[in-house]
Each structure stands twice: as structure tokens, then as C-alpha cells.
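Peer 1: Take the sequence shown: its letters are residues 9 to 358, numbered as in my numbering.
Just so it is clear, CB atoms sit at the ideal spot from N, CA and C, and this is done for glycine as well.
Just so you know, these numbers come straight off a predicted model, no measurement behind them.
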Amino acid sequence: MPLRDFPCRDTAVDLGSRTARVHVRGRGVVAVTPSLLALDDATGRCLAVGDEAMDLRAQVPLGVRFVWPFEGGVPDEVGTARRLLRHLLRRAHRRRYMTSPRMAVAVPSEITDVQQHALAYVAGSAGARSLTMVPTPLAAALGAGVRLDEPPAVLMMDVGAVTTDMAVLSLGMVVVARTVRVGGQDLDRAIVDYARRERGVLIGLDTAAGVKRRIGAAEWHDHVLVHGRDPDTGVPRPVVLTAAEIGAAVESPLRTLVGAIRSLLERCPAEMVVDLTDGGMVLTGGGARLTGLPDLLSERTGLPARVAEDPASAVVLGCAACLAGVPAFRPRREPRRDRRQGFLAAPRSL
């Protein structure tokens with residue numbers, strides 16, 4: 009094997025808007041960390057990354073700017089994105105090697121040319137030898153163990169913190185795909201708004217995210233105690249939120265997701281929609297763990313829905329499978345690459 013192809017450093021990365029995951033071939037998932045940087049507001053110097061930046065953020069320090077460099081898998085700020093990715097690579101590969109790693113990253117189905125070039129620049133300057141971009145729904149399907157080389161068709165939906173990526177896959181081909189700017193953070197904001205409007209208590213986004221996680225855990229069936237602040241007196245006030253209330257709170261963003269799924273199905277051939285009644289819908293991403301989400305989507309779309317066995321890690325595992333040479337799919341048509349649509353049909357190596 010040529011030295012340049014030595015696989016031990018093959019690195020797959022899921023650059024989530026709020027959480028990054030790194031997989032190294034032969035070692036598995038080696039890092040799960042917040043996609044957050046803490047910068048000195050005056051000098052721009054990086055003060056902390058990941059968990060350390062989250063701890064610093066909780067202290068509400070003066071003169072410190074907090075940046076989430078990636079949004080939906082693409083760089084939002086190139087400079088800070090390069091810093092974060094370089095940190096992730098150094099954390100994953102603490103030893104020195106003679107070659108730089110090959111890298112695969114998950115990207116939105118509707119990524120634009122500008123975003124592709126920005127991501128390629130960030131990866132190269134962070135230390136990647138080569139870069140393979142894998143559309144998120146395809147990576148999610150591979151990581152969830154979905155067979156892409158045989159019928160029936162399947163609808164993959166990856167619910168991230170800021171965006172949701174969905175696509176219909178059939179016989180290893182992307183039939184239709186869509187990226188929607190709705191994610192777990194929208195659910196958190198909806199819970200914050202509900203608590204203020206209906207229960208008269210102020211809570212933060214982090215508290216709302218905790219409510220969502222705890223309601224979704226097996227040991228929390230129907231309620232959770234939340235400590236907020238009374239808007240009139242400013243004193244702390246506890247309140248109990250039930251699972252039914254959380255469901256009512258997140259109705260609006262969930263309605264947007266359902267509308268996006270229906271829009272996607274309208275673009276599918278009629279016979280393929282019928283085929284989806286067998287293959288159904290597979291949910292991945294951190295937002296997929298919301299209690300009752302599969303049942304709600306199934307009821308409103310008419311398709312069976314289930315959550316992948318490891319929804320949070322499915323995308324990074326799928327990217328790792330692409331680097332390992334697992335055939336993901338065949339392009340249905342020439343990739344459509346323009347400023348609006350980007351590409352849909354195949355992973356792209358740069």
C-alpha cells in the first residue's frame with residue numbers, strides 16, 4: 009500500500025451547528041464536543057474551545073465573544089471554522105504521522121458552490137490531505153444501517169440543532185432532497201416562549217434544551233420540574249411542565265417539518281410514494297430523540313417512522329463508511345451544481 013494511502017488516519021467529521029463528532033478509522037468515535045469557540049473580543053485570540061468554551065460561557069464573562077463557526081455543516085465564519093476543525097483534528101490525532109489525514113464531512117443536500125469552496129479551504133488549511141463531502145441524508149442512511157442497494161425506498165430525515173436535512177433514497181440513488189431551517193434549537197425557543205406566555209416564568213435556552221432531553225429520557229415519562237425566574241418580581245420560581253405541555257409548545261416548528269416532508273413527497277413519482285409505505289421514514293440527529301416524534305410524523309404523513317439505533321452518531325458513522333470504501337449509492341443524474349441548488353447526487357472529493 010502506498011504511504012499516501014495509509015488508512016490509519018482516515019477521519020470522518022460531523023460538523024454540527026452545536027455539536028461536532030469525530031470518527032477515526034480503527035478507533036471509532038473519538039470526540040463529541042460543542043462546536044463553540046470563546047474569543048477575546050479585543051484581540052480575537054482563542055481562549056477556549058468545545059467543553060471549556062461552554063464552561064466559560066456559563067460564567068457570562070465580559071470581553072469574551074462566543075462563536076458557533078458552523079451552521080448546518082458549512083462554515084459560517086471561515087477563520088473560526090478553521091480554528092475549530094484544526095482543534096478537532098489535533099484532539100483526534102495526538103501522535104505525529106508522516107501523512108495528513110483523509111477526511112469525509114457531512115454537508116447539506118442543497119449546499120452551494122460557494123459553501124463547498126469555503127469548506128474545502130477550511131479543511132485543507134486545517135490539515136486534511138483530501139476531502140470527501142457526503143450529503144447528510146446519505147451519510148445518515150449508511151450510519152443507521154439502511155440498505156441502499158435494494159428496495160424499498162426510504163425517507164431519511166436528520167434533525168440537527170439549526171437545520172433538518174431530508175431525502176428520499178431508492179436503489180442507491182437520491183431521488184429528491186431538501187434542507188429546512190428548522191431544528192432542535194427552534195424547539196428550545198418554542199419551549200421558552202411557552203413557559204413565558206402560558207406559565208409566566210422566564211427560562212433560558214439551555215434550560216429548555218434540558219427540559220426537552222429529560223422529557224425524552226426513559227425515566228422522565230410525563231413531567232419535569234423547571235427552575236425559572238418570575239418576570240414581575242425577578243425571584244426564582246419553580247414550575248412543573250408536563251409532556252403534553254411540551255408537545256403543545258413545539259407544535260409550530262413540528263408543523264413546519266411536516267409541511268417540508270409533504271412538499272418532498274409531492275416531488276416524488278407516485279409509485280415511489282407508495283413504495284415508501286414499506287420503507288418508511290428513518291430519523292437521525294439529536295432532535296430525533298424527542299419523545300413521540302416518530303408517532304406524530306407517522307400520523308401526519310401516513311408513513312411509518314422510526315428512530316435509528318444511534319441517531320446522534322449515524323451521520324459521522326456514515327461518513328466513516330464512505331472513507332472505508334463502502335458503496336453508498338449511484339448518481340441518478342449529473343450533479344446539479346449552481347449557486348442556488350448545489351449538488352444532490354453524490355459525495356464529492358476535493
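Contact check, residue 116 vs residue 144 under 8 angstroms by CB: the rounded distance?
Peer 2: 6 angstroms
Peer 1: Quick one, which of 180, 172, 221 and 179 has its alpha-carbon nearest residue 272's?
Peer 2: Ranking the options by Cα distance to residue 272, first place goes to 172.
Peer 1: With DSSP as the reference, label residue 4 as helix, strand or coil.
Peer 2: This structure cannot speak to residue 4, because the chain is shown only from 9 to 358.
Peer 1: Curious, which full-length alpha helix (DSSP H) runs of at least 4 residues does the stretch 233-262 contain?
Peer 2: 251-257
Peer 1: So, with DSSP's three-state summary, where would you put residue 143?
Peer 2: strand
Peer 1: Who pairs with residue 72 in a beta bridge, going by DSSP?
Peer 2: 48
Peer 1: Distance, Cα to Cα, residue 331 vs residue 35?
Peer 2: 14 angstroms
Peer 1: Using three-state DSSP, classify residue 86 as helix, strand or coil.
Peer 2: helix
Peer 1: Do you know whose CA, among 176, 151 and 167, lies nearest residue 281's CA?
Peer 2: 176
Peer 1: Could you check whether residue 200 and residue 264 sit closer than 8 angstroms to each other, using their CB atoms as the reference points?
Peer 2: no
Peer 1: In three-state DSSP terms, what is residue 133?
Peer 2: helix
Peer 1: Alpha carbon to alpha carbon, what distance is there between residue 191 and residue 232?
Peer 2: In this structure, the CA atom of residue 232 is about 22 angstroms from the CA atom of residue 191.
Peer 1: Please look up how many angstroms separate the CB atoms of residue 83 and residue 20, rounded, as I've assumed it's under 8 angstroms.
Peer 2: Wrong, their Cβ atoms sit about 18 angstroms apart, outside the cutoff.
Peer 1: Quick one: grab the DSSP three-state call for residue 283.
Peer 2: helix
Peer 1: Counting pairs of beta carbons, one from the stretch 68-75 and one from the stretch 283-295, are three or more of them closer than 8 angstroms?
Peer 2: no
Peer 1: For the structure I just gave you, are there three or more beta carbon pairs, one from the stretch 37-48 and one from the stretch 200-211, closer than 8 angstroms?
Peer 2: no
Peer 1: Taking the alpha-carbon positions, what's the residue 12 to residue 54 distance?
Peer 2: Its pLDDT being 48, under 50, residue 12 is placed unreliably in this model, and the coordinates cannot settle the point.
Peer 1: Give me, in chain order, the residues of the same chain whose beta-carbon lies closer than 6 angstroms to that of residue 266; leave out the 5 immediate sequence neighbours on both sides.
Peer 2: 308
Peer 1: According to DSSP, is residue 207 part of a helix, a strand, or is it coil?
Peer 2: The answer is coil: DSSP assigns residue 207 none of H, G, I, E or B.
Peer 1: By a C-beta neighbour count over all protein chains shown, 10 Å radius and 16 as the cutoff for buried, is residue 186 buried or exposed?
Peer 2: buried
Peer 1: Report yes if the CB atom of residue 49 is closer than 8 angstroms to the CB atom of residue 327, and no otherwise.
Peer 2: Taking 8 angstroms as the cut-off, the beta carbon of residue 49 is found no closer than this to the beta carbon of residue 327.
Peer 1: Rounding to the nearest angstrom, what Cα-Cα distance links residue 284 and residue 152 in this structure?
Peer 2: Near 17 angstroms, if we compare the C-alpha coordinates of residue 152 and residue 284.
Peer 1: Would you report the Cα separation of residue 194 and residue 133, rounded to the nearest angstrom?
Peer 2: Residue 194 and residue 133: Cα-Cα distance of roughly 33 angstroms.
Peer 1: Throw me the rounded Cβ distance for the residue 170 and residue 80 pair, which I believe falls under 8 angstroms.
Peer 2: 6 angstroms
Peer 1: Quick one: using the 10 Å Cβ neighbour count with 16 as the cut-off for buried, is residue 244 buried or exposed?
Peer 2: exposed
Peer 1: Of all Cβ atoms in chain B, is any one closer than 8 angstroms to the Cβ of residue 146?
Peer 2: No chain B is part of this structure, which consists of one protein chain only.
Peer 1: Can you check whether the CB of residue 261 is closer than 8 angstroms to the CB of residue 198?
Peer 2: yes
Peer 1: Mapping the DSSP letters down to three states, classify residue 330 as helix, strand or coil.
Peer 2: helix
Peer 1: Start and end of the beta strand (DSSP E) containing residue 305?
Peer 2: Not the beta strand (DSSP E): residue 305 falls in the alpha helix (DSSP H), residues 301-309.
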